[in-house]
Structures are given as structure tokens and as C-alpha cells.
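Q:
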Amino acid sequence: MPATSAATGRVERLAYVAASTPGRVWIAVFSGAALVPSLGYLALPFALAIAVASFRTGWRRSIVSALAVAVCAVNLLPAKAGAYGLPAAALLLGGGWIAGLLVWTRLRGRHALLVLHALALAVLAAVCVAAGRTFLSGMTAAGLCALVPELLWRSSYWIKWRQRQPSRAPVWQNLFTALPFLGAGGVPFGKGPGFFAKYEASDSKTLAASQVEGVRLLALALLWRGTDAVLQLALWGIRTSWLGSWRPFVRAPLPSMEMLLRIPASFALWQRWGGLYGELLHNIIALAFYGHTIVGIFCLLGFRIPRNTRAPLAAATIVDFWARYYFYFKELLMDFFFFPAFVRTSASPVLLRTLLATWAAAFVGNSYYHAALYAPVLAGGDAHGYRSLVLARLVYCGLLATGLSLSFARALKKPQRVRQKVPRVPRAGQFLLVATFFAAIHVWNYGGAPIPLERRWHLWKTLVGMDTNIRPARAYSGR
Amino acid sequence: MMSLREDRLIEFLRSLAPGGDLHLQGGRLELESLAILQVVAYLETHYGIRLAELDVEPDDLRSVAGILALIERCG
């Protein structure tokens with residue numbers, strides 16, 4: 000029997016078991032247990048929602064919306080929000096935002112997306128200006144600024160979807176797509192209501208197949224989490240909670256990014272590059288277990304949306320890596336920057352249009368997304384830190400856009416013929432080139448906390464053997 | 000029976016898909032970003048469709064039916 004049909008038969012058998020009552024109960028129990036490391040006690044309501052959605056498929060969307068509202072409410076509890084005054088302020092901002100979105104999109108305003116983003120920037124600016132005054136502490140202001148990007152991109156997808164609907168469209172059944180109840184950073188996994196509808200299970204057979212995929216993703220997420228813990232211990236001697244009291248049996252061979260940015264000259268050239276490759280690998284694995292957990296939950300609830308991370312180390316080109324590494328962020332940039340820029344420049348040659356669209360997405364869109372994401376640093380009163388973060392991001396986005404442009408231009412030059420299937424394992428040269436590019440530009444991407452720009456630049460110079468005589472690093476707060 | 004137009008479109012989409020396989024999952028195509036751009040350029044060149052004037056999303060171009068519906072819409 001060919002390997003593919005054997006695999007298909009195995010999946011069908013698993014789906015058959017998953018569709019039975021004991022299978023559904025087992026899936027709910029497994030989900031609850033597998034989600035504890037990521038969600039803590041919140042794993043229980045998720046497992047309950049998965050169980051109810053398995054047996055009452057007609058209630059699926061209502062259950063997921065109720066779950067989203069409940070999780071958002073729990074996250075606003077004072078003990079979780081962590082700042083005095085934040086729960087009430089966040090409830091006011093978040094509740095007002097969602098209510099405004101629902102009313103406004105019903106009225107179908109013109110240039111709705113532009114108005115939404117202008118309002119979001121105005122809210123961020125107002126919160127940053129008011130931060131530190133008696134009625135708004137810096138911590139509460141930072142919390143509010145963190146909430147805006149969480150709502151902004153979900154609302155953008157909501158507006159796009161709503162504009163294509165008849166005047167009356169079901170709101171409650173789609174509300175979960177507008178609420179930030181899973182993940183952090185504002186990238187909407189599953190995009191908007193239209194995308195979820197395309198991937199929703201329509202019968203018990205497709206639901207079972209979706210849930211089998213969900214179980215597989217949660218199991219993979221646990222595996223990658225364990226792998227990452229071992230990797231961090233082996234490379235850097237970092238002991239995560241996953242390894243308990245285990246201790247590294249050898250001295251950590253590679254420097255962490257933190258060490259590289261502080262004292263790069265203390266390490267040999269191979270260690271500097273080794274540290275960067277290790278950091279890239281750690282990032283890929285961390286994003287894989289984060290994305291697999293979120294996508295796995297949606298699959299278990301009956302939405303078989305595509306994976307977020309799909310074997311990026313098998314990528315043979317920079318464009319291919321970018322598509323495989325963080326699918327939903329790539330889609331966000333594609334939907335709001337890349338595609339609109341390409342279709343609006345139809346008078347220009349395809350190569351020029353592609354390059355313009357690439358810069359619109361990878362440079363303009365990516366910088367804009369992160370400038371809003373870093374707003375809590377500004378609201379917290381660290382204007383210098385905000386400037387450092389934004390400047391580093393601009394360099395990163397410029398390098399990324401250049402790499403993607405070269406990769407696109409190379410692909411467009413190839414003659415139009417049936418493309419070769421991308422091999423599962425790329426050639427060593429291609430792999431090294433792509434990994435080196437992303438490892439090197441990560442110097443400008445690393446760290447949510449402000450890192451002085453000159454430290455990043457100095458590290459870069461030491462990577463090519465230049466300027467190893469570096470002044471002692473200024474203290475900064477980072478990982 | 001497929002029309003000539005549909006035949007040509009599928010032939011073109013095959014040239015974009017890796018190995019010439021149209022990975023159809025419930026009518027959806029697994030097309031990468033570059034392939035989507037090539038679909039846009041193809042529609043502009045062969046059918047004179049200007050997508051900037053229409054309400055089109057990248058996801059609309061990820062199914063044969065979606066692309067055919069777009070061509071139909073533009074007459």
C-alpha cells in the first residue's frame with residue numbers, strides 16, 4: 000500500500016474513533032490536561048467548551064463566543080490585571096471599543112478601516128499624554144496601550160468581513176473573532192469571521208477530522224515545549240520550570256543573546272554565530288508551541304484553520320521561510336498592506352509592483368504594527384526606550400524587506416513553467432543562507448525591553464570580525 | 000464538461016502550484032504570496048480585470064471557484 004493512502008487510512012480510523020462518544024470524552028479530557036501548562040486553571044473552561052461543542056455542534060459558535068467573553072472577563076480581574084485601576088479602565092476602553100465597532104460597522108461608514116486606525120492612534124496618543132497624572136497611573140496607561148493593538152487588528156478583520164455582509168449579520172456567533180481571548184500581541188489567529196467560516200466543520204466527520212488535528216497539534220506543542228526546555232538547558236544552561244531540578248552536566252557552550260549584546264568580544268567568532276543560530280532555533284520552537292496550542296484549540300472547537308508554523312527550517316528561500324515561520328502575521332501584512340499595494344499599482348511592471356508591495360508590507364506594515372505594540376513602553380514614561388525599540392525595528396524591517404525583495408525578484412526571473420515541488424529537506428547551501436539571514440537580522444528584532452541601539456550595531460560588527468574592542472555595556476533591562 | 004476558459008485557468012494555476020499539483024482542500028488552493036500576485040497579473044492581462052476597483056481579498060483568489068466567480072462578475 001502506498002505511504003500516502005496508508006496515512007489517509009490511519010487518519011480516517013482515528014476520525015472514526017474521535018466521532019464516537021468515548022472518543023469525544025477522551026478528547027475533552029486530553030485537551031484539559033494538555034492545556035494546563037499553557038493556560039493553568041483556565042484549561043478547565045476550555046476543556047468544557049470543547050466537550051459541549053463536540054456534542055452540541057449547533058451551539059458551537061455561541062459556546063466559543065461565551066468562552067471568549069468569560070476569558071476576557073477573567074483576565075480583567077484585579078489579581079490578573081496586576082495594576083490598580085486597570086480593570087475598570089480596560090473594561091471601559093475594551094467594552095466601548097467593541098460596542099462602537101458593532102454599531103459603527105452596522106452603519107457602514109466609508110473609509111472605515113482608515114477611521115479605525117486613526118482612532119486607535121488617537122487613543123494611544125491620548126493615553127500616553129495622560130499617563131502619569133493623578134487619574135491615570137503609568138502602569139494603568141501601559142495596560143491600556145497594550146489592549147489597543149489586541150483589539151485593532153481583530154477589529155480590522157471584522158470591518159472587512161462586515162462590509163461584505165448583508166445589512167443583518169450574526170454578531171454573537173462571530174463575536175469570538177473580535178475578542179482577544181487567546182494569545183498575545185494582537186495577531187488574530189484565524190483572521191476574521193469569513194476565514195473561520197471557510198474552515199468550520201460542517202458535519203460529524205469533518206468535526207472528528209478537525210479534532211484529530213487538534214489533538215495532534217496539542218501533543219506537538221507539548222513535545223516542542225519539552226524540546227525547547229532541553230535546548231535552553233543544553234545551549235545556555237537556562238533551567239526552565241519544565242526541567243525541574245535538572246542541572247546542565249556541561250558548561251553552557253554558547254552565549255545567550257543577552258550576553259552577546261553585553262560582551263560580544265568575550266566570545267570566539269564561532270560562539271557568536273552559534274549563539275545567534277541557537278536563538279533562531281529557540282524562537283522557531285517557541286513560536287511553534289505557542290501557535291500549535293492556539294490553532295489546536297480552534298481545531299478542537301471545530302475550526303480546522305491552517306497551522307501558524309509549518310517547518311520553517313525546510314524553507315529553501317527567504318520568502319518561503321517568511322511564509323512558514325509566522326503564517327498569521329504574514330497574512331495580516333498580506334491582507335492589509337501587500338495585496339492592496341499590489342492591486343493599486345496595476346500600471347507598473349510586475350517586478351516593480353512586487354517590490355513596492357513587499358516594502359509596503361515588510362517595512363511599512365511591520366514597522367507600524369510594532370510601533371503600536373511598543374506603545375506601553377512610551378506610556379510607562381520611557382520615551383528613550385521607545386525610540387530605541389522603534390529605530391531597531393526600522394532597521395530590522397528594512398533588512399527583512401531587502402531580503403524578501405531579492406528573494407521575490409529571483410523567483411520572478413525564473414521561467415514560467417510547472418514549479419518543482421519543494422523538497423522536504425532543502426540543500427545545505429540554501430538552508431545555511433536562509434538561516435544565516437534570519438539569524439543575523441534577529442539582532443535587530445531581539446528583546447521586548449529597550450536595548451541601546453549601539454549594542455546591536457556593535458554585535459553586528461563583531462559578527463564579521465570588526466570592532467571587537469567594545470566599551471562595557473550600559474545596563475538595560477532585558478531577558 | 001469544463002469550458003475552454005476554465006481549462007486555461009486551471010492550466011495556469013497548475014503552473015503556479017508546486018509540482019503542478021493543485022492541492023484542493025474543499026475547493027481551496029494552497030497558493031503562496033507570489034502565486035497570488037501572479038494570479039492578479041494574469042487576470043489583469045487576460046481579462047482586463049482591475050482588482051483595485053473591486054472588493055476583492057487575497058482569500059478570494061485561493062479557490063478555482065472564487066477566481067471563476069470573479070471573472071464572471073466582470074463579464
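Chains P and E are the protein sequences, given in the same order. Take 0 as the starting number for the first sequence in numbering that gives the first Met the number 0 and just add one per residue. Take 0 as the starting number for the second sequence in numbering that gives the first Met the number 0 and just add one per residue. Glycine residues also receive a C-beta, built at the ideal position from the N, C-alpha and C atoms. In this text, all values refer to a predicted model and were calculated from it rather than measured experimentally.
1. E199/P bridges to which residues according to DSSP?
2. In the structure shown, what three-state DSSP assignment does S2/E receive?
3. When you check each C-beta in the segment 343-354 of chain P against every C-beta of chain E, which residues fall closer than 7 angstroms?
4. Please name the residue, chosen from V63/E, I48/E, R72/E, that lies closest to R13/E on a Cα-to-Cα basis.
5. Strictly below 8 angstroms CB to CB, what residues from chain P border L50/E?
6. Out of R60/P, S136/P, L150/P, which has the shortest C-alpha to C-alpha gap to Q172/P?
7. Chain E partners of V318/P, CB-CB under 9 angstroms?
8. Per DSSP, what kind of secondary structure is R49/E in: helix, strand or coil?
9. Counting contacts by CB-CB distance shorter than 9 angstroms, is A40/E in contact with chain P?
10. Distance check for R132/P and Y325/P, CA to CA, integer angstroms please.
11. Please report the distance separating the alpha-carbon of I48/E from that of L351/P.
12. Taking buried to mean at least 16 other C-beta atoms within 10 Å of its own C-beta, is L42/E buried or exposed?
13. If you follow the alpha helix (DSSP H) that R455/P is in, where does it begin and where does it stop?
14. In chain order, which continuous runs of the alpha helix (DSSP H) of length 4 or greater are located wholly inside the segment 28-85 of chain P?
15. May I ask you to verify whether the segment 12-28 of chain P touches the segment 133-146 of chain P, counting CB pairs closer than 8 angstroms and requiring at least 3?
16. So, is D202/P buried or exposed, given that buried needs 16 or more other C-beta atoms within 10 angstroms?
17. When you compare the CB of L69/E with every CB in chain P, is at least one pair closer than 9 angstroms?
18. What's the gap between the Cα of V147/P and the Cα of A88/P?
19. Output, in chain order, the set of chain P residues within a Cβ distance shorter than 7 angstroms of D54/E.
20. In angstroms with no decimal places, state the Cα-to-Cα distance between A42/P and A410/P.
21. Helix, strand or coil for V55/E per DSSP?
22. State the DSSP-derived secondary structure class of S32/E, mapped to helix, strand or coil.
A: To lay it out plainly:
1. Paired residues: F302/P.
2. For S2/E, the secondary structure class from DSSP, reduced to helix, strand or coil, is coil.
3. The segment 343-354 of chain P vs chain E, Cβ under 7 angstroms: R343, S345, V349, T353.
4. Nearest C-alpha to R13/E: V63/E.
5. Contact annotation for L50/E against chain P: V342, S345 [CB-CB distance below 8 angstroms, chain order].
6. Minimum Cα distance to Q172/P is reached at R60/P.
7. Near V318/P (Cβ distances below 9 angstroms), the residues of chain E are E31, S32, L33.
8. It is coil, neither helix nor strand.
9. At a cut-off of 9 angstroms between beta carbons, A40/E contacts chain P.
10. Cα to Cα, the separation comes out at about 39 angstroms.
11. In a straight line, the C-alpha of I48/E is about 19 angstroms away from that of L351/P.
12. If you draw a 10 Å sphere on the C-beta of L42/E, you find 16 or more other C-beta atoms in it, and that means buried.
13. First-last of the alpha helix (DSSP H) with R455/P: 452-462.
14. Qualifying alpha helix (DSSP H) stretches, in chain order: 42-54, 59-74, 77-80.
15. They do not touch, by the three-pair rule.
16. Burial check for D202/P: the Cβ neighbour count within 10 Å stays below 16, so the residue is exposed.
17. It does not: the Cβ of L69/E has no partner Cβ on chain P nearer than 9 angstroms.
18. Approximately 12 angstroms, taken between the alpha carbons.
19. R163, listed in chain order.
20. One C-alpha to the other measures close to 44 angstroms.
21. Coil, per DSSP.
22. If DSSP states are grouped into helix, strand and coil, S32/E belongs with the helices.
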